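Peer 1: In numbering that gives the first Met the number 0, the protein residues as written are 0 to 491.
In this text, a Cβ means the ideal position worked out from N, Cα and C, and glycines have one as well.
In this text the structure is predicted, and so the values were computed from the model without any measurement.
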Amino acid sequence: MAGRVGFLLGDQLREVEVDDPTMTVLDYLRLEEGRTGSKEGCAEGDCGACTVVVAEIAGDRLAYRAVNSCIQFLPALEGKQLITVEDLSSPSDGLHPAQQAIVESHGSQCGFCTPGFVMSLFALFHEKGDPDRRRIDDALAGNLCRCTGYGPIIAAAERMRKIATSDRFDEREADTIDSLRALQAKPARAIDAGDGRRWFAPRGIDELAGLLLEYPEACVLAGGTDVGLWVTKQHRRLDPVIHVGEVAELRRLELDSQAIDIGAAVTYDRLHPVVAAEYPDFGEVLRRLGSVQIRNCGTMGGNIANGSPIGDSMPPLIALGARLVLRRGAEVRELALEDFFLDYCKQDRRPGEFVERVRLPRRDPGRQFACYKISKRFDQDISACLGAFNLKLQQGRVADIRICYGGMAGIPKRAAKCEKALIGRPWSLPSILAAQASLGDDYSPISDLRASKAYRSLVAENLLLKFYHETARRAHPAHPTRVLAAEGLAHG
């Protein structure tokens, strides 16, 4: 017998009988609700034509998040509010400011992508303050316009808060919060479609640990930014699915004097400002990790557990010496993140074991850190190569260095021989040029659609050189010629 999922669709309560736990929110909207404003353009979370907004309680307010409905599963809406383009206007209020701004700025051409853009603008409208151009570009990076009409859409983003600074969703916020709290007060629900497809949504870590002991081969779902494609593109049948997005302990983000503790279900959107304050380069890598829609759902825990060799978060984490906390039943163990990855798609994780949290060391003022992402597009693209560097100098010599690359091997991997070639040597251009040769012993990358083997190898060498020049410039900001002179490269 199928289970039921309770959520708000706009202002209306829905108690939906679910007979397919991996039905996407987009299919539900179009096929069950007849809401065809949300479009399917890619079915993989890239184009933004399917963008909707999910509202959740955050403290005593609502947080509005733009998400890709094409890769979100319907049961994940439990206890939340789903808002589509059809909900924005009303007979009494007319068009929403985001819609009105699109009209006034002539921001719609063929119209296919327009509802998705409107929903991204709606989410931006509900952020505090007037967004600057960079924030607008970031908010719209996950929406593709095939007619190349970005200029008027950006103008609409700049105009909408001049039309109004609040909307009827603000006016109804207290009532919406009461409705969502009533839904969340109900016991966690399980779904059994009766044909071997099951969905579990534990709310506590002990319940999750017990479920994974009972179903060690279950598909563990956090944000769905990878798993959603297993259904929409690979047409895989997932059973059972254990959704960890509501496990309170996995949603914790805590700081102490030693580390930032990142729960496995903490989204990149929540994580970004914390990491950016500690490590600006790492924060920028996270900002470029997919679109706003992806970062609103994707988690670092999911990125690590999937173990992709081109996952953006892992090289910086490894270079910074992050540690991973794993749990199986009542047993908890901790290991260095770099030791978790054994081989391509193979991790040191036993059946029924799951990622509980990541411990990222706080910034050490005695070390210098940088990371660089190389991709074909600057925003919303998968890395061809990502390098992360963590350096400690003593009297001009390398006391310690940690170097990790993604996209260069079957796993995110440290450049052990390159590190060895640098430790104890002067931090100088000759040392760097000598160490670059060791990278060929550390890595043997492949050629694929993103980059050739030769390109990746050259980029890896150049990123090390870039890191050297940036750190040397910081050491002598007013006299860059001193660095060259010390290396015998300056001309009188």
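Output yes or no for whether 8 Å exceeds the beta carbon distance between Arg-356 and Asp-225.
Peer 2: Working through the sequence shown from its first residue, we reach residue 356 at position 357. Working through the sequence shown from its first residue, we reach residue 225 at position 226. Taking 8 Å as the Cβ cut-off, Arg-356 and Asp-225 do not qualify as a contacting pair.
Peer 1: For Val-397, which residues of its own chain have a beta-carbon under 6 Å away from its beta-carbon, when the five flanking residues on both sides are left out?
Peer 2: Working through the sequence shown from its first residue, we reach residue 397 at position 398. Excluding sequence neighbours, Val-397 sits near Leu-421, Ile-422, Arg-424 and Trp-426.
Peer 1: Compare the beta carbon distance of Gly-115 and Glu-85 with 8 Å and say whether it is the shorter of the two.
Peer 2: For this step, residue 115 is matched to residue 116 along the sequence shown. For this step, residue 85 is matched to residue 86 along the sequence shown. No, these two residues do not count as a Cβ contact at 8 Å.
Peer 1: Chain C beta carbons: is any one of them nearer than 8 Å to that of Ala-450?
Peer 2: Reference to chain C is not applicable here, since this structure consists of a single protein chain.
Peer 1: May I ask you to report which of helix, strand or coil DSSP gives Pro-308?
Peer 2: The sequence position of residue 308 within the sequence shown is 309, counting from 1. Note: Pro-308 maps to coil in three-state DSSP.
Peer 1: If the criterion is Cβ atoms closer than 8 Å, does the pair Leu-325 and Arg-348 meet it?
Peer 2: Within the sequence shown, numbered from 1, the residue matching residue 325 stands at position 326. Within the sequence shown, numbered from 1, the residue matching residue 348 stands at position 349. Yes, they are a contact pair.
Peer 1: Please tell me whether Lys-79 and Ala-62 are closer than 8 Å, where the distance is taken between their beta carbons.
Peer 2: As a working note, residue 79 is residue 80 in the sequence shown. As a working note, residue 62 is residue 63 in the sequence shown. In this structure, Ala-62 does not lie closer than 8 Å to Lys-79 by Cβ.
Peer 1: I need the DSSP call for Ala-200, collapsed to helix, strand or coil.
Peer 2: Working through the sequence shown from its first residue, we reach residue 200 at position 201. It is coil, neither helix nor strand.
Peer 1: For Tyr-343, is the classification buried or exposed, using 16 other Cβ atoms within 10 angstroms of its Cβ as the cut-off for buried?
Peer 2: Taking the sequence shown and counting its residues from 1, one reaches residue 343 at position 344. Counting Cβ neighbours within 10 Å, Tyr-343 comes out exposed, since fewer than 16 surround it.
Peer 1: To the nearest angstrom, report how far apart Gly-222 and Asn-302 are at their CA atoms.
Peer 2: Locating residue 222 in the sequence shown gives position 223, counting from the first residue. Locating residue 302 in the sequence shown gives position 303, counting from the first residue. Taking the straight line joining both Cα atoms gives about 10 Å.
Peer 1: Could you tell me which whole beta strand (DSSP E) segments of length 3 or greater appear in the region 247-323?
Peer 2: Correct list: 252-254 and 258-262.
Peer 1: State the Cα-Cα distance for the pair Asp-19 and Ala-192, rounded to the nearest angstrom.
Peer 2: Mapped onto the sequence shown, residue 19 falls at position 20. Mapped onto the sequence shown, residue 192 falls at position 193. Going by the C-alpha atoms only, they are around 6 Å apart.
Peer 1: Can you check which of these residues, Thr-147, Leu-7, Glu-460 and Ala-156, is closest to Arg-180 by C-alpha distance?
Peer 2: By 1-based counting over the sequence shown, the position of residue 180 is 181. Nearest C-alpha to Arg-180: Leu-7.
Peer 1: Please classify Thr-164: is it buried, with 16 or more other beta-carbons within 10 angstroms of its beta-carbon, or exposed?
Peer 2: Against the sequence shown, residue 164 aligns to sequence position 165. Exposed, by the Cβ-count rule.
Peer 1: Relative to the alpha-carbon of Ser-456, which residue among Leu-438, Phe-466 and Leu-448 has its alpha-carbon at the smallest distance?
Peer 2: Mapped onto the sequence shown, residue 456 falls at position 457. Residue Leu-438 is the option with its Cα nearest to Ser-456.
Peer 1: Given this structure, state the Cα-to-Cα distance separating Lys-452 from Ala-459, to the nearest angstrom.
Peer 2: Counting from 1 along the sequence shown, the entry for residue 452 is found at position 453. Counting from 1 along the sequence shown, the entry for residue 459 is found at position 460. Their Cα atoms are separated by approximately 11 Å.
Peer 1: Pick out whichever of Asp-380, Arg-197 and Gly-203 has its Cα sitting closest to the Cα of Pro-186.
Peer 2: By one-based count along the sequence shown, residue 186 stands at place 187. Nearest option by C-alpha distance: Gly-203.
Peer 1: So does the region 93-106 actually touch the region 150-166, counting three or more Cβ pairs closer than 8 Å?
Peer 2: Contact holds: three or more Cβ-Cβ distances are below 8 Å.
Peer 1: Expressed to the nearest angstrom, what Euclidean distance is found between the alpha-carbon atoms of Gly-141 and Ala-383?
Peer 2: Numbered from 1 along the sequence shown, position 142 holds the residue referred to as residue 141. Numbered from 1 along the sequence shown, position 384 holds the residue referred to as residue 383. One C-alpha to the other measures close to 19 Å.
Peer 1: Along the chain, where does the beta strand (DSSP E) containing Cys-384 start, and where does it finish?
Peer 2: Start at 1 with the first residue of the sequence shown, and residue 384 comes out as number 385. Cys-384 -> beta strand (DSSP E) spans 384-393.
Peer 1: In terms of alpha-carbon separation, which member of Gly-297, Asp-440, Pro-272 and Asp-10 lies closest to Glu-170?
Peer 2: As a working mapping, residue 170 is identified with position 171 in the sequence shown. Nearest C-alpha to Glu-170: Asp-10.
Peer 1: Grab me the residues of Leu-12's own chain with a C-beta within less than 6 Å of its C-beta, minus the 5 sequence neighbours each way, in chain order.
Peer 2: In the sequence shown, residue 12 corresponds to position 13, counting from 1. Answer for Leu-12: no residue qualifies.
Peer 1: Could you work out which residue in Gly-386, Glu-277, Asp-441 and Thr-266 is closest to Asp-254 when comparing CA atoms only?
Peer 2: Position 255 of the sequence shown, counted from the first residue, corresponds to residue 254. It is worth fixing the name first, because residue 254 is Leu in this sequence and not Asp. Of Gly-386, Glu-277, Asp-441 and Thr-266, the residue nearest in Cα terms is Glu-277.
Peer 1: Any heavy atom of the ligand ZN inside 7 Å of the beta-carbon of Leu-7?
Peer 2: Here there are no bound small molecules, and the ligand ZN is not part of this structure.
Peer 1: DSSP three-state label for Val-219, please.
Peer 2: By 1-based counting over the sequence shown, the position of residue 219 is 220. In the structure shown, Val-219 sits in a strand (DSSP, three-state: E or B).
Peer 1: Hey, out of Ala-258, Pro-215, Glu-333 and Leu-249, whose CA is closest to Asp-238's CA?
Peer 2: If you number the sequence shown from 1, residue 238 lands on position 239. Measuring from the Cα of Asp-238, the nearest candidate turns out to be Pro-215.
Peer 1: When you compare only the Cα positions, how much space is there between Ala-136 and Ile-381?
Peer 2: Here residue 136 corresponds to residue number 137 of the sequence shown, with the count starting at 1. Here residue 381 corresponds to residue number 382 of the sequence shown, with the count starting at 1. Here residue 136 is Asp; the residue named in the question, Ala, does not match the sequence. So the alpha carbons of these two residues sit roughly 18 Å apart.
Peer 1: What does DSSP give as the partner residues of Ala-335 in its beta bridges?
Peer 2: If you number the sequence shown from 1, residue 335 lands on position 336. Looking at the DSSP assignment, Ala-335 forms a beta bridge with Arg-322.
Peer 1: With a cut-off of 8 Å on the beta carbons, I'd call Leu-87 and Val-24 a contact; round off their distance for me.
Peer 2: Counting from one through the sequence shown, the residue named residue 87 turns up at place 88. Counting from one through the sequence shown, the residue named residue 24 turns up at place 25. Not quite, the Cβ-Cβ distance comes to about 17 Å (not below 8 Å), so this is no contact.
Peer 1: Roughly how many angstroms lie between the CA atoms of Ala-329 and Leu-212, to the nearest whole one?
Peer 2: Numbered from its first residue, the sequence shown carries residue 329 at position 330. Numbered from its first residue, the sequence shown carries residue 212 at position 213. Their backbone Cα atoms lie some 10 Å apart in a straight line.
Peer 1: Excluding the five sequence neighbours on either side, which residues of its own chain have a C-beta within less than 8 Å of the C-beta of Val-273, listed in chain order?
Peer 2: If you number the sequence shown from 1, residue 273 lands on position 274. Taken in chain order, the residues that qualify are Leu-252, Leu-254 and Ile-259.
Peer 1: Cys-370 by DSSP, collapsed to three states: which one?
Peer 2: Against the sequence shown, residue 370 aligns to sequence position 371. Strand, per DSSP.
Peer 1: Taking the runs of the beta strand (DSSP E) that are 3 residues or longer, which of them lie wholly in the region 130-192?
Peer 2: You should have 189-191.
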